[in-house]
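Asks: Starting off with a structure, shown below.
Residue numbers (the working numbering), protein chains in the order written: chain A, 1 to 304; chain B, 305 to 608.
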């Protein structure tokens with residue numbers, strides 16, 4: 001599996017399951033692509049499909065998904081809580097295994113250009129694939145959403161697309177295409193019901209308040225029927241090679257002890273890169289010279 | 305990568321590198337097979353090749369290796385320290401990823417029958433693929449080695465092969481074909497130079513002296529120039545789903561503390577199943593409901 005890449009397109013449709021099913025079907029039909037997940041949110045009126053494969057089939061599947069979505073979704077009819085600029089709102093490419101982020105950057109740019117041409121739709125590059133520095137932030141690309149972009153795209157040079165026409169697609173709006181590292185959603189549950197402790201720890205570790213790089217965190221109180229309330233530090237690790245799971249756990253453990261409590265257990269939400277988990281094993285065992293290639297299946301995946 | 309299987313044939317040739325290279329080449333030529341490792345031992349006059357793939361290419365590669373070895377190795381000329389019965393002495397099939405041992409048992413039996421027929425060579429099934437219970441142990445199959453088997457194969461019903469003729473192949477002798485679980489070679493280095501401590505711990509944890517199931521262990525003293533001597537508990541975990549790395553480390557840590565010392569660090573020798581390492585991560589993090597499928601690349605490998 002050389003150059004394994006994940007693609008996580010978001011679609012502006014979360015209320016008609018049959019539409020989402022058709023898009024998932026279009027992706028799943030492409031040989032060499034594995035659909036890993038799909039979720040549909042009625043409130044946001046939005047869906048997320050996760051699939052992976054090597055570059056070529058992933059591009060083919062993403063193209064098929066765009067084609068199907070442009071047939072089935074009409075942005076002029078769309079309302080929902082989540083900010084969006086188009087029927088296929090955002091298409092990030094994510095490196096897996098030994099694939100480098102740069103490969104996804106290249107892929108996103110090539111794909112963006114192809115999609116703009118083929119479907120006559122404006123494309124904005126964001127994240128690590130951005131060509132304009134201010135477009136690294138997706139929020140900037142989506143400023144004012146579909147409705148404002150419709151007015152500004154042809155008149156405001158700052159809103160001109162990176163590829164495609166300087167007007168929205170009649171039904172599909174515009175597409176943001178990008179590259180980013182994989183994200184790990186990881187929660188640490190504490191042996192306390194004091195929300196304040198979780199909030200204090202979250203604030204101490206998150207990058208935005210001067211904590212650990214590439215860590216997002218918030219404190220929440222878990223309240224499940226029949227169980228004692230439990231304070232939780234809920235984190236997103238947006239670049240585990242900068243700050244990994246083990247580092248976050250060490251720091252949260254230290255801060256929890258300072259606050260007179262302990263980590264009870266952790267939760268991994270969804271999928272995580274295998275390398276990020278192997279790093280935890282290597283850290284625990286104090287493995288000298290450990291290399292993720294020593295994990296048989298990963299080694300094989302790299303060579304195939 | 306459905307049904308990923310590892311194959312680790314041992315050849316009775318360790319002194320002529322060109323012969324080993326030719327065998328490795330024959331294996332590497334088969335599409336869908338990855339050569340993971342090969343080692344050559346002059347003293348034992350023996351080589352080991354490790355490769356993997358799905359069932360069909362692995363069988364094709366193993367067959368190619370047998371064919372090449374029978375052309376290039378003559379058992380009548382072979383001397384060496386390691387017990388052996390043939391030019392291709394032993395061919396174990398090992399389940400990787402989500403492959404079950406039973407699939408390797410079936411494969412070993414089918415392969416054994418094919419090889420016996422195609423090359424007119426006697427084949428003995430051993431390990432989990434054994435058809436006679438006493439042949440589960442490879443040592444039993446190899447009793448008296450090539451020289452004794454040559455005399456007994458045609459006359460002693462207890463030595464009759466499972467497949468093929470009741471006489472040795474003129475140059476290649478006989479082949480033992482089997483199935484086994486993957487083996488993890490794992491060492492735990494202690495912060496002491498007392499060999500006796502390592503020996504005591506090794507004796508306490510190994511199955512043969514009443515310790516943990518599927519654990520082999522011995523105590524050794526590492527003496528490297530320029531470094532302090534270090535006592536080591538050297539282990540083989542022959543069924544990590546029965547006794548895993550984390551369990552062994554917990555127990556060795558406990559025993560080391562009882563002896564007034566600590567684990568310094570651990571070493572993983574060669575490759576290990578990814579699942580065995582993920583188990584360590586899940587244990588460390590106290591991950592609730594962790595599933596190896598949450599490791600992205602493994603999940604993908606399973607589905608492809």
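The C-beta atom is built at its ideal place from N, Cα and C for all residues, glycine as well.
Values in this document were obtained by computation on a predicted structure and should not be read as measured data.
Run through DSSP, which three-state label would residue 1 of chain A get?
Replies: The pLDDT assigned to residue 1 of chain A is 46, lower than 50, so where the model puts this residue is not dependable; a value taken from the coordinates is nonetheless given after this. It is coil, neither helix nor strand.
Asks: Verify the CB distance criterion: does residue 584 of chain B have a CB-CB separation below 7 Å to chain A?
Replies: yes
Asks: In chain A, which residues lie with their C-beta within 9 Å of the C-beta of residue 423 of chain B?
Replies: Correct list: empty, because the minimum Cβ distance to chain A is about 28 Å.
Asks: Taking only the alpha-carbon atoms, compute the straight-line gap between residue 76 of chain A and residue 212 of chain A and give it to the nearest angstrom.
Replies: 42 Å
Asks: Is the Cβ-Cβ distance between residue 246 of chain A and residue 215 of chain A less than 7 Å?
Replies: Between residue 246 of chain A and residue 215 of chain A, the gap from beta carbon to beta carbon reaches 7 Å or more.
Asks: If you scan the stretch 67–119 of chain A from start to end, which runs of the alpha helix (DSSP H) of 4 or more residues do you find wholly inside it?
Replies: 101–119
Asks: Using the Cα positions of residue 13 of chain A and residue 28 of chain A, report the straight-line distance between them to the nearest angstrom.
Replies: If I take the Cα positions, the gap works out to 18 Å.
Asks: With a threshold of 8 Å, are at least 3 pairs of Cβ atoms found where one atom belongs to the stretch 552–567 of chain B and the other to the stretch 490–498 of chain B?
Replies: yes
Asks: If you follow the alpha helix (DSSP H) that residue 289 of chain A is part of, which residue opens it and which one closes it?
Replies: That residue, residue 289 of chain A, is in no alpha helix (DSSP H); it is neither H nor E in DSSP.
Asks: Whose Cβ in chain B lies nearer than 7 Å to the Cβ of residue 299 of chain A?
Replies: 340, 575
Asks: Using 7 Å as the limit for Cβ to Cβ distance, is residue 578 of chain B near chain A?
Replies: yes
Asks: Quick one: which chain A residues come within Cβ less than 7 Å of residue 553 of chain B?
Replies: 285
Asks: Secondary structure at residue 325 of chain B, three-state DSSP: helix, strand or coil?
Replies: Correct three-state label for residue 325 of chain B: helix.
Asks: Give a yes or no on whether 7 Å exceeds the smallest Cβ distance from residue 267 of chain A to chain B.
Replies: yes
Asks: So the alpha helix (DSSP H) residue 193 of chain A belongs to, where does it begin and stop?
Replies: Taken as a continuous stretch (DSSP letters only), residue 193 of chain A belongs to no alpha helix (DSSP H), as it is neither H nor E.
Asks: Got a sec: is the Cβ-Cβ distance from residue 548 of chain B to anything in chain A below 7 Å?
Replies: no
Asks: Do you know offhand how far residue 282 of chain A's Cα is from residue 525 of chain B's?
Replies: 23 Å
Asks: Please list the terminal residues of the continuous beta strand (DSSP E) segment that includes residue 177 of chain A.
Replies: Note, residue 177 of chain A: beta strand (DSSP E), 175–179.
Asks: With a floor of 4 residues, list each alpha helix (DSSP H) that falls wholly inside the stretch 122–152 of chain A, ordered by position along the chain.
Replies: Secondary structure remark: continuous alpha helix (DSSP H) runs of at least 4 residues inside the stretch 122–152 of chain A, in chain order: 138–141, 145–152.
Asks: Give the range of the alpha helix (DSSP H) segment to which residue 321 of chain A is assigned.
Replies: An answer regarding residue 321 of chain A cannot be provided, because it is not within the stretch 1 to 304 covered by chain A.
Asks: Would you kindly work out how many angstroms separate the C-alpha atoms of residue 422 of chain B and residue 475 of chain B, rounded to a whole number?
Replies: For the pair residue 422 of chain B and residue 475 of chain B, the Cα-to-Cα distance works out to about 15 Å.
Asks: If you drop the 5 nearest sequence neighbours on each side, which residues of the same chain put their C-beta closer than 8 Å to that of residue 154 of chain A?
Replies: 166, 167
Asks: Here's the rule I'm using: 16 or more other beta-carbon atoms within 10 Å means buried, otherwise exposed. How should residue 78 of chain A be labelled?
Replies: Per the 10 Å Cβ criterion, buried.
Asks: What are the start and end residues of the beta strand (DSSP E) that includes residue 216 of chain A?
Replies: 215–222
Asks: Going by the DSSP bridge assignment, what does residue 232 of chain A pair with across the sheet?
Replies: A:189, A:220
Asks: Go ahead and pull the three-state DSSP assignment for residue 358 of chain B.
Replies: strand
Asks: When you compare the stretch 361–370 of chain B with the stretch 532–545 of chain B, are there three or more beta-carbon pairs, one atom per stretch, that lie closer than 8 Å?
Replies: no
Asks: Indicate the three-state DSSP secondary structure (helix, strand or coil) for residue 43 of chain A in the structure shown.
Replies: In the structure shown, residue 43 of chain A falls within a coil segment according to DSSP collapsed to helix, strand and coil.
Asks: Cα-Cα, which of B:450, B:481, B:426 is closest to residue 410 of chain B?
Replies: B:481
Asks: Which of helix, strand or coil does DSSP assign to residue 263 of chain A?
Replies: Note: residue 263 of chain A maps to strand in three-state DSSP.
Asks: Can you list, in chain order, the residues of the stretch 395–411 of chain B whose Cβ is nearer than 8 Å to any Cβ on chain A?
Replies: 400, 401
Asks: How is residue 34 of chain A classed by DSSP in three states: helix, strand or coil?
Replies: Three-state result, residue 34 of chain A: strand.
Asks: Tell me which residues of the stretch 138–170 of chain A have at least one Cβ-Cβ distance to chain B shorter than 7 Å, keeping chain order.
Replies: none
Asks: So which residues of chain D does residue 525 of chain B contact, with C-beta pairs closer than 9 Å?
Replies: Considering every chain present, this structure includes no chain D. Its protein chains are A and B.
Asks: Any idea what DSSP makes of residue 581 of chain B, helix, strand or coil?
Replies: helix
Asks: Excluding the 5 residues flanking residue 44 of chain A on each side, which residues of the same chain have their C-beta closer than 7 Å to its C-beta?
Replies: 14, 80, 81, 82
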